[in-house]
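Novice: Quick mapping for you: the protein sequence lines, in order, are chains A and B. Mapping the first sequence onto my numbering, position 48 (from 1) lands on 64, and the numbers just tick up by one. Mapping the second sequence onto my numbering, position 5 (from 1) lands on 25, and the numbers just tick up by one. I'd like to ask you about the structure that follows.
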Amino acid sequence: MATYDLTKLKILVVDDNSNMRSLIASILKAFNCQEMHESETVEDAREILRDVEVDVVITDWHMLPEDGLDLVRYLRYDDESPNKYIPIIMLTGFSEYDRVLEARDAGVNEFLAKPIAPKSLYLRLASIIDSPREFIETETYFGPCRRRRDLGPPPGVEERRASAVETVDLDDVSAADSA
Amino acid sequence: MPLEPGQTHKVLDNPHDLSRHKQGDGPPEINHILLERAEEVVADFANEFIAQADADIETICAAFDAVVAGEDPAGSLNSIFETALNLKGQGGSFGYGLITEVADSLQAFTLGRDGVDDREQNIIRAHIDTLRLVVAKRMEGDGDEEAQSIVAGLRQLTEGV
């Protein structure tokens with residue numbers, strides 16, 4: 017069996033709500049994470065990312081003036097991104113299906129709908145450590161492969177398509193994995 | 021590097037290796053001790069949350085009063101939306117699933133609105149009254165049958181409006 021030592025995992029938590037930041041940080045601390053950074057805004061997050069070699073980003077979506085998707089796009093597409101391959105977990109009060117797709121197409125690795133369940137967060141971190149996804153670059157997308165299952169191309173199509181609508185994994189929408 | 025002519029995509033190896041944080045092989049083992057510790061942490065936060073929830077409801081009420089008075093309805097409705105979204109995101113995390121459900125209905129109803137008529141105001145008012153009741157009575161979890169039927173009623177009110 018594989019176990020995970022999160023002691024040295026450097027995590028950046030980005031959320032404009034201080035209660036939520038404290039909660040996530042406390043959950044991570046309960047998981048033995050000792051290297052956590054927090055920021056209230058996307059701008060602060062960028063500064064931290066420039067100074068610290070962060071391993072994983074956990075970000076809220078709805079923030080102002082820039083939101084979580086702005087941060088995701090900065091990390092995936094900006095020339096000044098410190099690491100285009102950094103795993104990103106979007107943890108958000110938005111749970112609608114079209115939101116999941118939007119986050120997926122911006123380049124997040126994992127999507128967790130609030131309210132947060134510790135087990136769900138743990139499993140997402142384990143997944144990121146255990147099964148790093150290959151990255152895909154198309155004319156319009158750069159980010160983790162959006163397929164979770166190898167369904168192959170649709171009937172009558174021989175090549176991989178950039179828009180992998182047939183491979184959406186709705187597991188991401190669930191706020192609690194049997195918590 | 022740009023795509024080659026005729027190339028639709030590139031598959032890139034992921035250089036971001038976190039395997040040093042993994043020990044052993046085989047299927048992942050969930051560390052139940054750590055999970056229990058994390059659950060205790062969440063329970064400790066619950067008291068702090070409910071005090072903040074009281075404050076959030078006052079924020080929503082103040083914004084609603086502004087809507088009724090015709091003061092910056094779009095901005096006030098957005099304030100209701102944002103506060104409700106925060107409540108939605110936190111309620112269930114702290115064992116107040118009912119708060120999440122009511123707040124979810126409220127944030128969905130106020131999202132993107134720049135004004136509301138009398139009927140819509142009453143719908144918002146019903147949500148606020150329900151949130152007040154849930155928080156005042158510290159109704160944990162998803163509530164009893166009566167509470168669930170109130171939530172169902174709120175959702176029905178908002179459908180198609």
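Glycine included, C-beta positions come from ideal geometry on N, C-alpha and C.
1. When Cβ atoms are compared, which residues of the stretch 33-55 of chain B fall closer than 9 Å to chain A?
2. Since residue 71(A) and residue 25(A) should fall inside the 8 Å C-beta cutoff, what is the C-beta to C-beta distance between them, to a whole number of angstroms?
3. Counting only Cβ-Cβ distances shorter than 9 Å, please list the residues of the stretch 102-124 of chain A near chain B, keeping chain order.
4. Would you report the Cα separation of residue 147(A) and residue 53(B), rounded to the nearest angstrom?
5. For residue 133(B), which residues in the same chain have their Cβ closer than 6 Å to its Cβ, ignoring the five residues on either side in sequence?
6. Classify residue 111(B) as helix, strand or coil using the three-state DSSP reduction.
7. Candidates 136(A), 154(A), 21(A) and 100(A): which alpha carbon is nearest residue 40(B)'s?
8. Do the CB positions of residue 118(B) and residue 85(B) come within less than 8 Å of each other?
9. Work out the CA separation of residue 177(B) and residue 142(B) for me, nearest whole Å.
10. Do three or more CB pairs link the stretch 76-83 of chain A to the stretch 106-120 of chain A at distances below 8 Å?
11. Just mark residue 50(A) as buried or exposed, buried being the case when its beta carbon has 16 or more other beta carbons within 10 Å.
12. Do you know how far the Cα of residue 42(B) is from the Cα of residue 111(B)?
13. Within 10 angstroms of the Cβ of residue 102(B), are there 16 or more other Cβ atoms? Answer buried if so, exposed if not.
14. Keeping to the same chain, check which residues put their C-beta closer than 6 Å to that of residue 23(A); ignore five residues upstream and five downstream.
15. For the structure I just gave you, are there three or more beta carbon pairs, one from the stretch 138-158 of chain B and one from the stretch 135-153 of chain A, closer than 8 Å?
16. Got a sec: is the Cβ-Cβ distance from residue 127(A) to anything in chain B below 8 Å?
17. Below 8 Å on the Cβ atoms is my contact criterion, and I expect residue 115(B) with residue 83(B) to pass it. Report the Cβ-Cβ distance as a whole number of Å.
18. Contact check, residue 128(A) vs residue 107(A) under 8 Å by CB: the rounded distance?
19. Should residue 93(A) be flagged as near chain B, meaning a C-beta pair shorter than 8 Å?
Specialist: Considering the structure as presented:
1. 33, 34, 35, 36, 37, 38, 39, 40, 41, 42, 43, 44, 45, 46, 47, 48, 49, 50, 51, 54 and 55
2. So it is a contact: roughly 5 Å between Cβ atoms.
3. 102, 103, 107, 108, 109, 110, 111 and 112
4. 23 Å
5. Closer than 6 Å at Cβ, skipping near neighbours: 97.
6. helix
7. A check of alpha carbon separations from residue 40(B) across 136(A), 154(A), 21(A) and 100(A) identifies 21(A) as the nearest.
8. no
9. 10 Å
10. yes
11. exposed
12. Whole-angstrom Cα-Cα distance: 33 Å.
13. buried
14. Only 48 and 50 meet the Cβ criterion.
15. Contact between the stretch 138-158 of chain B and the stretch 135-153 of chain A is absent, because fewer than three Cβ pairs lie under 8 Å.
16. no
17. Incorrect: roughly 26 Å between the Cβ atoms, too far for contact.
18. Their Cβ separation, rounded to whole angstroms, is 5 Å, which keeps residue 128(A) and residue 107(A) in contact under 8 Å.
19. no
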